[in-house]
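Count the sequence shown with our numbering and you get residues 74 to 146, in order.
In this text, a Cβ means the ideal position worked out from N, Cα and C, and glycines have one as well.
A short worksheet on the structure shown next.
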Amino acid sequence: GGNVKVLAKAIHSLSRIGDELYVEPQGDGLALRSVNSSRSAYACFLFAPLFFSRYNIRKEVNFRCKMAIKSVQ
Numbered sequence: 074g075g076n077v078k079v080l081a082k083a084i085h086s087l088s089r090i091g092d093e094l095y096v097e098p099q100g101d102g103l104a105l106r107s108v109n110s111s112r113s114a115y116a117c118f119l120f121a122p123l124f125f126s127r128y129n130i131r132k133e134v135n136f137r138c139k140m141a142i143k144s145v146q
């Protein structure tokens, strides 16, 4: 419940920076990033594995995703 609201607020904050959301699962947590079109502003939220009820990633898999931030809100 509460963690979903925190995640939503982070995505909303990133939408003020740029139009694209970069999602990257890492060993130390889930990184959500955004950069503006002129690349003069950047923001990143890193959610630690303990933030989630369950968090598993494969170390050998390098996954990055870019999506329109409006489709996530």
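Classify Val96 as helix, strand or coil using the three-state DSSP reduction.
-> strand
Buried versus exposed call for Gly91 [16 or more other C-beta atoms within 10 Å across all chains shown] | With 16 or more Cβ atoms within 10 Å of its Cβ, Gly91 is classed as buried.
Spatial distance of Ser107 from Glu93 (CA atoms) = 6 Å
Going by DSSP, name the residue or residues bridged to Arg106.
-> Residue pairing by DSSP puts Arg106 in a beta bridge opposite Tyr95 and Cys117.
With DSSP as the reference, please indicate the residues paired to Ala141 in a beta bridge.
-> The partner list for Ala141 (beta bridge, DSSP) reads Glu93.
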